[in-house]
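Chains as they are written, first to last, in our numbering: chain H, 17 to 154; chain F, 28 to 414. Built from N, CA and C at the ideal position, the CB exists for glycine as well. Nothing here was measured: the structure is a model prediction, and the numbers come from that model. What follows is a short report on a single structure.
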């Protein structure tokens, strides 16, 4: 674990091992329903649309646009005390699904960020096992 | 899909006969949450004039019903711990109608109790749930961050300045109602528009007064059949409509950040009651945040998408306005222990009974109480009426 990293750390689960292994390898891996022919998030073995198990993994392009964002000034958890103001967001991936993330490498000010702004994935290593997919202006 | 003919057949067949808060709300560092459940339950039964021994259905959320029932010394024949956040206790009302109609119980007790203010240690999350992997690591933790994300999407779609003004209108009008409710946390604390706009940021676009309180409080509701209600202490407030549902759990799975499940539960409850929006004298709408009210008014159908800023303009929802909203002072200024929904019902019943003193509405006969739970995830709507 990186020294002093005291934010919540994802614990990979049977359905998400591959997602987190991908993130550690610098890939944003998405589940894909081969019956519906569409990607979905978050990773689960059963397609949330049709309910079938005929699902696979794809590697996302990493391109997205901001669906919404906020600028947090009061940390909701002690681990984010040194990060404020930070920019949580929901982004819409080029493949269609939306995911929660943070926008990084940008000034945390509403005038510097806009909804629909193009962004691309970057991976922040937080432990030996876990890298978090975050997004920066494209 | 809900079968409207059957729902209409049970409209008005059950009634709320008792409502109460715990002995004290706001700050109760000397009381545990189950104690607040039990106090509120005891007080609501006293309000109804029904002895505890007659309770045969128990409903709660946040705790299991067996925890609450054991504490209170109740051994129910019907038990329902449906737990979908702050909407749960409104949703329990529909479940109570169903249970009473089917014959599973005769006297339903819904209780709530939380020490959100005094018990600040938060339980760790379940690592197997999606938020632990896909939201919390990004600092999307707790309602203020999540709801501010939704609010910014609304601003983007419908205009930042007019949304901001609408949020200010809700914050200020709700505070005015709280200034008329002795039990309200901010009873003695007025707030001007300037004070709203000058307040600090919590999670932009939310100022502090866009966010609900964090208090200690309990409340309870007693429901029985319309027939039996006639012989209770105060008679019954008729339950004319009730509906519920949810469309996501974690925020990023919400289909549309500007529309809640109220788009289904509101129209369904009104149709069950055979009423239209204009028939209502009071709207009690869960105000976890100012934005929650804007999205909910539109979802419920009081106005169209993006029209809430016009709907709430010019302090229309304040005392003296023509759309009384959250007359107890709401989650924003009265109390909000974590799951506030039950308090919308308590106030609606009191307004219908004419028990609310200086804030009493003239001729209040029909009211909506509406709860929202989770991260704009679930809703419950009830329509209540009194002759």
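Whose C-alpha, out of the options, is nearest the C-alpha of residue i?
{"i": "residue 42 of chain H", "options": "H/152, H/141, H/154, H/153", "result": "H/141"}
{"i": "residue 43 of chain F", "options": "F/199, F/96, F/258, F/295", "result": "F/258"}
{"i": "residue 357 of chain F", "options": "F/284, F/209, F/392, F/263", "result": "F/209"}
{"i": "residue 25 of chain H", "options": "H/134, H/153, H/146, H/31", "result": "H/146"}
{"i": "residue 131 of chain H", "options": "F/242, F/179, F/341", "result": "F/179"}
{"i": "residue 390 of chain F", "options": "F/400, F/377, F/37", "result": "F/377"}
{"i": "residue 126 of chain F", "options": "F/160, F/36, F/84, F/55", "result": "F/84"}
{"i": "residue 149 of chain H", "options": "H/96, H/40, H/60, H/50", "result": "H/40"}
{"i": "residue 323 of chain F", "options": "F/157, F/288, F/402", "result": "F/288"}
{"i": "residue 145 of chain F", "options": "F/371, F/203, F/364", "result": "F/364"}
{"i": "residue 134 of chain H", "options": "H/75, H/107, H/72", "result": "H/107"}
{"i": "residue 370 of chain F", "options": "F/353, F/386, F/34", "result": "F/353"}
{"i": "residue 238 of chain F", "options": "F/362, F/328, F/119, F/413", "result": "F/362"}
{"i": "residue 73 of chain H", "options": "H/122, H/93, H/32", "result": "H/32"}
{"i": "residue 90 of chain F", "options": "F/101, F/81, F/109, F/80", "result": "F/109"}
{"i": "residue 139 of chain H", "options": "H/128, H/56, H/117", "result": "H/117"}
{"i": "residue 78 of chain H", "options": "H/114, H/49, H/61", "result": "H/114"}
{"i": "residue 302 of chain F", "options": "F/38, F/30, F/203", "result": "F/38"}
{"i": "residue 217 of chain F", "options": "F/136, F/189, F/335, F/345", "result": "F/345"}
{"i": "residue 29 of chain H", "options": "F/155, F/36, F/342", "result": "F/155"}
{"i": "residue 21 of chain H", "options": "H/120, H/93, H/59, H/58", "result": "H/93"}
So for residue i, helix, strand or coil by DSSP?
{"i": "residue 102 of chain H", "result": "strand"}
{"i": "residue 172 of chain F", "result": "helix"}
{"i": "residue 328 of chain F", "result": "coil"}
{"i": "residue 128 of chain F", "result": "helix"}
{"i": "residue 106 of chain F", "result": "strand"}
{"i": "residue 42 of chain H", "result": "coil"}
{"i": "residue 337 of chain F", "result": "helix"}
{"i": "residue 128 of chain H", "result": "coil"}
{"i": "residue 84 of chain H", "result": "strand"}
{"i": "residue 17 of chain H", "result": "With a pLDDT of 47 at residue 17 of chain H, under the threshold of 50, the modelled position of this residue cannot be trusted, and the question is left open."}
{"i": "residue 157 of chain H", "result": "A question about residue 157 of chain H goes unanswered here, because the residues of chain H that appear run from 17 up to 154."}
{"i": "residue 316 of chain F", "result": "strand"}
{"i": "residue 266 of chain F", "result": "strand"}
{"i": "residue 78 of chain H", "result": "coil"}
{"i": "residue 109 of chain H", "result": "strand"}
{"i": "residue 29 of chain H", "result": "coil"}
{"i": "residue 393 of chain F", "result": "strand"}
{"i": "residue 387 of chain F", "result": "coil"}
{"i": "residue 197 of chain F", "result": "helix"}
{"i": "residue 114 of chain H", "result": "strand"}
{"i": "residue 412 of chain F", "result": "strand"}
{"i": "residue 85 of chain F", "result": "strand"}
{"i": "residue 31 of chain F", "result": "helix"}
{"i": "residue 144 of chain H", "result": "coil"}
{"i": "residue 34 of chain H", "result": "helix"}
{"i": "residue 39 of chain F", "result": "coil"}
{"i": "residue 345 of chain F", "result": "coil"}
{"i": "residue 285 of chain F", "result": "coil"}
{"i": "residue 25 of chain F", "result": "Residue 25 of chain F lies beyond the residue range present for chain F, which begins at 28 and ends at 414; the question has no answer from this structure."}
Going by the DSSP bridge assignment, what does residue i pair with across the sheet?
{"i": "residue 243 of chain F", "result": "F/53, F/142"}
{"i": "residue 135 of chain H", "result": "H/80, H/153"}
{"i": "residue 57 of chain H", "result": "None, per the DSSP bridge assignment."}
{"i": "residue 398 of chain F", "result": "F/407"}
{"i": "residue 248 of chain F", "result": "F/46, F/137"}
{"i": "residue 271 of chain F", "result": "F/407"}
Verify the contact flag: residue i, CB atom, against every heavy atom of the ligand SAH, threshold strictly below 7 Å.
{"i": "residue 144 of chain F", "result": "As for the ligand SAH, it is missing from this structure, which has no ligand bound."}
- Message: Contact between the region 33 to 47 of chain F and the region 64 to 83 of chain F is defined here as three or more beta-carbon pairs at a separation below 8 Å; is this criterion met?
- Response: Three or more pairs of CB atoms, one per stretch, sit closer than 8 Å, so the region 33 to 47 of chain F contacts the region 64 to 83 of chain F.
- Message: Quick check: the region 105 to 122 of chain F against the region 54 to 66 of chain F, are at least 3 beta-carbon pairs closer than 8 Å?
- Response: In short, these stretches do not touch, since the Cβ pair count stays below three.
- Query: Going along the region 332 to 347 of chain F in order, which residues come within less than 8 Å of chain H, judged by CB to CB distance?
  - Reply: Taking 8 Å as the Cβ-Cβ cut-off against chain H, none of the residues of the region 332 to 347 of chain F qualify.
- At a Cβ cut of 8 Å, what residues of the region 82 to 93 of chain H count as close to chain F, listed as they run along the chain? Answer set for the region 82 to 93 of chain H: 83, 84, 85, 86, 87, 88, 89, 90, 91, 92, 93.
- Touch check for the region 272 to 283 of chain F and the region 398 to 413 of chain F: three-plus C-beta pairs under 8 Å? Contact holds: three or more Cβ-Cβ distances are below 8 Å.
- Message: For the pair the region 288 to 308 of chain F and the region 135 to 142 of chain F, tell me if three or more CB-CB distances fall below 8 Å.
- Response: Taking 8 Å as the limit for Cβ pairs, the verdict is that the region 135 to 142 of chain F does not touch the region 288 to 308 of chain F.
- Message: Please identify, using Cβ separations under 7 Å, the residues of the region 178 to 208 of chain F that lie next to chain H, in order along the chain.
- Response: Taking 7 Å as the Cβ-Cβ cut-off against chain H, the residues of the region 178 to 208 of chain F that qualify are 179, 180, 183.
- Message: Using 8 Å as the cut-off, can you tell me whether the region 229 to 241 of chain F makes contact with the region 168 to 187 of chain F, which would need three or more C-beta pairs spanning the two stretches below that distance?
- Response: Contact between the region 229 to 241 of chain F and the region 168 to 187 of chain F is present, because at least three Cβ pairs lie under 8 Å.
- Inter-stretch contact at 8 Å, needing at least 3 Cβ pairs: the region 296 to 313 of chain F / the region 392 to 400 of chain F: Yes, since at least three Cβ pairs between the region 296 to 313 of chain F and the region 392 to 400 of chain F fall closer than 8 Å, the two stretches touch.
- Does the pairing of the region 377 to 390 of chain F with the region 87 to 107 of chain F give three or more beta-carbon distances under 8 Å? Contact between the region 377 to 390 of chain F and the region 87 to 107 of chain F is absent: fewer than three C-beta pairs spanning the two stretches fall below 8 Å.
- Message: Tell me which residues of the region 38 to 62 of chain H have at least one Cβ-Cβ distance to chain F shorter than 7 Å, keeping chain order.
- Response: If you check each beta-carbon in the region 38 to 62 of chain H against every beta-carbon of chain F, the ones closer than 7 Å belong to 58.
- Hey, is the region 186 to 198 of chain F in contact with the region 216 to 227 of chain F, meaning 3+ C-beta pairs nearer than 8 Å? A contact is defined here as three or more CB-CB pairs under 8 Å, and the region 186 to 198 of chain F meets this definition with respect to the region 216 to 227 of chain F.
- For the region 79 to 86 of chain H against the region 60 to 68 of chain H, are there 3 or more C-beta pairs whose distance is under 8 Å? Verdict: no, contact absent.
- Query: Between the region 125 to 135 of chain F and the region 99 to 108 of chain F, are three or more C-beta pairs nearer than 8 Å?
  - Reply: Short answer: they touch.
- Below 8 Å between beta carbons is the criterion; list the residues of the region 151 to 169 of chain F that meet it against any residue of chain H, in chain order. When CB distances to chain H are screened at a threshold of 8 Å, the residues of the region 151 to 169 of chain F falling below it are 152, 154, 155, 157, 159, 160, 161, 162, 163, 164, 165, 166, 167, 168, 169, in chain order.
- Task: Return the residues of the region 286 to 308 of chain F that lie within a Cβ-Cβ distance of less than 7 Å from chain H, sorted by chain order.
- Result: The region 286 to 308 of chain F vs chain H, Cβ under 7 Å: nothing.
- Message: Along the region 265 to 279 of chain F, where does the CB come closer than 8 Å to a CB of chain H? Name the residues.
- Response: For the region 265 to 279 of chain F, the residues whose beta carbon sits under 8 Å from a beta carbon of chain H are, in order, 277, 278, 279.
- Message: So if I threshold CB-CB distances at 7 Å, which residues from the region 20 to 35 of chain H count as touching chain F?
- Response: Within the region 20 to 35 of chain H, contact with chain F at the beta-carbon level (separation under 7 Å) is assigned to 23, 24, 25, 26, 27, 29, 32.
- Task: Check each residue of the region 116 to 132 of chain H: if its Cβ is closer than 7 Å to any Cβ of chain F, include it; give the result in chain order.
- Result: Here the close residues are 116, 117, 118, 126, 131.
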